[in-house]
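S.K.: Protein sequences, first through last, are from chains A and B.
Just so you know, the working numbering puts 888 at position 304 of the first sequence, and the rest follows in order with no gaps.
Just so you know, the working numbering puts 60 at position 52 of the second sequence, and the rest follows in order with no gaps.
Structure below; questions to follow.
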Amino acid sequence: MELQDRLEELQAQGLGAAAISFDSEAVLAEFSERRGITFPLLSDVGSKVITEFGILNTVAIEALEKIGPGRRDPTSLDPAFEEDIGKYVTVGAAIDFHVGTPFPGTFMLDRTGRVTSRFFEEFYRERNTTANIMLKLGAGLAPIAAVEGSTAHLKFTAYPSDPYVTLGSRFSVAVAVEPNPDIHVYAPGAETMGYRVVSLNLRPVPHVRFEPVKFPESEIYYFEPLDERVPAYQRPFTLLQEVIVDATNEAEEALSQREALTLSGTFDYQACDDELCYEPVSLPVSFTLDLRLLERARYRDLRRARERAEANR
Amino acid sequence: MTALGIAVAVMVFGVGLDEVQSRTPIDVASLGPQVGERVPAFSLPDQNGQIQTLESILGPNGAILVFHRSASW
């Protein structure tokens, strides 16, 4: 569990951590032993707390009721129901052992137990990494494998939220930019006035999805000679781009032999000061993250063994 | 087409639509405690057999609380 690797940083920010599942204490003890987990893994056998939270996976229950423990003939199902099973229950064949699970997700709580933010996924195999959640909340954890650079106009640090990812990881690439004194770069909206908006442009990678770059709020720069008001950044700001490693069976197959994921592209901007506008600049950036599919492979082998046992029953 | 024919067609069409729309889409974002709401209190054993509660897992600035599917897969 990658949360374990971020535990010290979370604690340094005054945050506790816990995870809840319907597993028995024995299963959780074995898991935490094997994976070196030191934060509480809570055993909700019978899924009472999961149900009280209102996040019990109702699709799994419905699937068990309507089609039984194993998925045999998907063509006989209502396509919308079939789609829900694939999204929320399993892309495999066995349904029964998903009953009692929650829709997976994460709550961030304040010191009184009130929700300050929450992260639930539309596909059960995708999830936000802890570092990505913290980054989106503006409380970034220590940058890893950062690409740093400075030009005549600004300093920038580009970094992935996580050193390693797996199938379904939703993580971020961040670019922290600090314009030099008297320099501004352009924010979205400025393109209609003929300026190049600052951006991160990562090249497509098979089985990896890129969300649109998120821009922080900009300010309006007033350029007196032209009596022009342009959206711009003059103070330090951070661009965030979320990236998702696909978790489809095809992606799993295609990535199974890979040990690393490389994201490459450019950081682009156009800078101006109060008198001059400089040529647009395009700087190469590249990040390599470890791809950790071992746990997936273990899960897949287990799943296949169960399916074989099911078929022989 | 007679008026009766139209009525029958509307009825048949109406039934078809009902079937298509009978499945309410799942909206995971709407499930469970929302931003600003307090989560339910709980008391559960951890992997070491110790009872943990909402209060015991909270740090001075709050906590991250993860619900996951299973540790056994």
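Idealized CB from N, CA, C, for every residue including glycine.
Identify the contact partners of Gln595 (chain A) in chain B, using a Cβ-Cβ distance below 8 Å as the criterion.
M.R.: Gly67
S.K.: Taking the alpha carbon of Ile621 (chain A) as the point to measure from, which residue in A:Phe851, A:Ser608, A:Arg590, A:Ala758 has its own alpha carbon closest?
M.R.: A:Arg590
S.K.: Pick from A:Asp857, A:Leu860, A:Cys861, A:Leu847: whose alpha carbon is nearest that of Thr872 (chain A)?
M.R.: A:Leu847
S.K.: For a contact meaning CB atoms closer than 9 Å, what does Tyr805 (chain A) contact in chain B?
M.R.: The premise fails here: Tyr805 (chain A) is roughly 33 Å from chain B at the closest Cβ pair, so nothing lies under 9 Å.
S.K.: Please report how far the alpha carbon of Ser78 (chain B) lies from the alpha carbon of Asn716 (chain A), in whole angstroms.
M.R.: 22 Å
S.K.: Which one of A:Val629, A:Asp746, A:Lys739 has the shortest CA to CA distance from Asn764 (chain A)?
M.R.: A:Lys739
S.K.: Taking a contact to mean a Cβ-Cβ separation below 9 Å, would you say Val924 (chain A) touches Leu845 (chain A) in this structure?
M.R.: The requested residue 924 (chain A) does not occur in the structure, where chain A is confined to residues 585 to 897.
S.K.: Measure the CB-CB distance between Asn785 (chain A) and Phe707 (chain A) and report whether it falls below 9 Å.
M.R.: no
S.K.: Hey, is Asp680 (chain A)'s beta-carbon within less than 9 Å of any beta-carbon in chain B?
M.R.: no
S.K.: For a contact defined as C-beta to C-beta under 9 Å, what are the partners of Leu609 (chain A) on chain B?
M.R.: Note that residue 609 (chain A) corresponds to Glu in the displayed sequence, not to Leu. Going along chain B in sequence order, the residues near Glu609 (chain A) (Cβ under 9 Å) are Pro53, Asp54, Gln55, Asn56, Gly57.
S.K.: Comparing the C-beta of Gly24 (chain B) with each C-beta of chain A, is any distance below 9 Å?
M.R.: Residue placement at Gly24 (chain B) is poorly supported in this model, since its pLDDT is 42, which falls under 50; the coordinates are not used for a value here.
S.K.: Would Ser701 (chain A) pass as an interface residue toward chain B - the criterion being a Cβ-Cβ separation below 9 Å?
M.R.: Put simply, the CB of Ser701 (chain A) is near chain B, with a gap under 9 Å to one of its CB atoms.
S.K.: What number of angstroms, rounded off, separates the C-alpha of Gly733 (chain A) from the C-alpha of Phe821 (chain A)?
M.R.: So the two alpha carbons sit approximately 15 Å from each other.
S.K.: What is the rounded straight-line gap between the Cα of Phe615 (chain A) and the Cα of Gly57 (chain B)?
M.R.: 14 Å
S.K.: What residue from A:Ala601, A:Ser745, A:Ser605, A:Pro653 has the CA that sits closest to Gly630 (chain A)'s CA?
M.R.: A:Ser605
S.K.: Using the three-state DSSP reduction, which class does Phe21 (chain B) fall into: helix, strand or coil?
M.R.: Confidence is the limiting factor: at Phe21 (chain B) the pLDDT is only 46, short of 50, which leaves the residue's position unreliable, though a coordinate-based value still follows. If DSSP states are grouped into helix, strand and coil, Phe21 (chain B) belongs with the helices.
S.K.: List, from N- to C-terminal side, the beta strand (DSSP E) runs of 3 residues or more that fit wholly inside the region 687 to 737 of chain A.
M.R.: 689 to 693, 699 to 704, 731 to 734
S.K.: From what residue to what residue does the alpha helix (DSSP H) around Ala835 (chain A) run?
M.R.: First-last of the alpha helix (DSSP H) with Ala835 (chain A): 833 to 839.
S.K.: Report all residues from its chain with a CB closer than 8 Å to the CB of His768 (chain A); omit the five preceding and five following residues, and keep chain order.
M.R.: Counting only Cβ-Cβ distances below 8 Å, and skipping sequence neighbours, we find Tyr805, Ala816, Tyr817, Gln818, Ala855, Cys856, Asp857.
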